[in-house]
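Input: a single structure, listed below in structure tokens.
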Amino acid sequence: MIMKYVKFLPFLVFLITSCSSVRVATDYDTKANFNQYQTFAFYKPGIDKAPISDLDKKRIMRAIEAELLAKGMQKSSTPDVLVSLFTKSRERINVNDNWGWGFGWGWNPWMWGGAGRLNVNQYTEGTLFIDIIDASKKELIWQGIGSGALAFRNIEKREARIKEFVKEILEKYPPGSDKK
């Protein structure tokens, strides 16, 4: 009975690891004094250009607001920084070949069922850009980019995934905060 399901193990491992990780990269202006930025507002003209639904924009903005408030910032009509976002997505295909050699004597689960089995998985990879702009100078001072597999089968999973993306990205804001 167990042998029947062993061939699905590589697919399950891929599914778990690809859906749970967000790859994050950041860049920032090294001359900016991030200690002076205490208030924020959303930059509507930038957000309006994001190619996603208005509902997902609201979800992302609520997640960003929650993270910035947790960092001690305040939302304001006269902000120190403006927050903008942009998204993009692309279809990805992952191909795993289950063929392999054993390790010493005994049973090898990767060899069970014959050689040459291919697992092909198609998924959508999304990228979220969060831009922090100095409100007085109108200059980009920080950008966080998060990429990962999207699992948008239902509203609860969609919202949880958006929160995970935003949390992982803003964990790196302000620069140097992860060193404390």
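Counting with mature numbering (1 follows the signal peptide of the UniProt record, and there is no 0), you get residues -25 to -1, 1 to 155 for the letters of the sequence shown.
Every residue gets a Cβ at the ideal spot worked out from N, C-alpha and C, and that includes glycine.
It should be emphasised that the depicted structure is a prediction, and the values quoted were computed from it without experimental measurement.
Beta-carbon spacing of V(-2), I144 below 7 Å: yes
I need the straight-line Cα distance from G47 to W117, nearest angstrom please. 17 Å
Which residue marks the beginning of the alpha helix (DSSP H) containing D29, and which one marks its end? 29 to 45
Tell me, which residues are paired with K50 by DSSP? F15
According to the neighbour-count rule (16 or more other Cβ atoms, all chains shown, within 10 Å of its Cβ), is L60 buried or exposed? buried
Flag E40 as yes if its beta-carbon sits less than 7 Å from any beta-carbon of chain C, otherwise no. Absent from the structure: chain C. Only one protein chain is present.
Suppose contacts are defined by Cβ-Cβ distances below 7 Å. Is Y3 in contact with V56 by that definition? no
Out of curiosity, what's the CA-to-CA distance linking K113 and F15? 13 Å
8 Å contact criterion, which A38 and I137 should meet: CB distance rounded: 6 Å
Backbone CA spacing between Y18 and S51 [nearest angstrom]: 12 Å
In this structure, does DSSP put V58 in helix, strand or coil? strand
Measure the C-alpha to C-alpha separation of D31 and V58 and round it to an integer number of angstroms. 16 Å
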